[in-house]
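Okay, structure first, notes after.
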Amino acid sequence: MTHQDGPRREYCSSEDPDVVSSTGHAGDRNLVWAFSNHGIYELSTPLMGEPKNGLPQAK
6 MTHQDGPRRE YCSSEDPDVV SSTGHAGDRN LVWAFSNHGI YELSTPLMGE PKNGLPQAK
């Protein structure tokens, strides 16, 4: 199949082995999730503050 800009590539093909297909944000934990062809990654950044681990505090 061709496209006006050249051959059309399949989404998440082997030509793009490190593509991130989606992300998620856990605001209560200061974490970002990245979903790629090779796995699910849990990321943190100093911009969000220290990541919160463990169980939430009981109220």
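Those letters in the sequence shown? Residues 6 to 64, by the working numbering. By construction, the Cβ of each residue, glycine as well, lies at the ideal position given by its N, Cα and C atoms. These numbers come from a predicted model, not from an experiment.
- In the DSSP assignment, residue 44 forms a beta bridge with 41.
- Secondary structure at residue 60: coil, using DSSP grouped into helix, strand and coil.
- Short of 8 Å from the beta carbon of residue 54, and not among the five residues preceding or following it, lie these beta carbons of its own chain, in chain order: 35.
- The beta carbon of residue 46 lies closer than 6 Å to those of 39 in the same chain, with the five residues before and after it left out.
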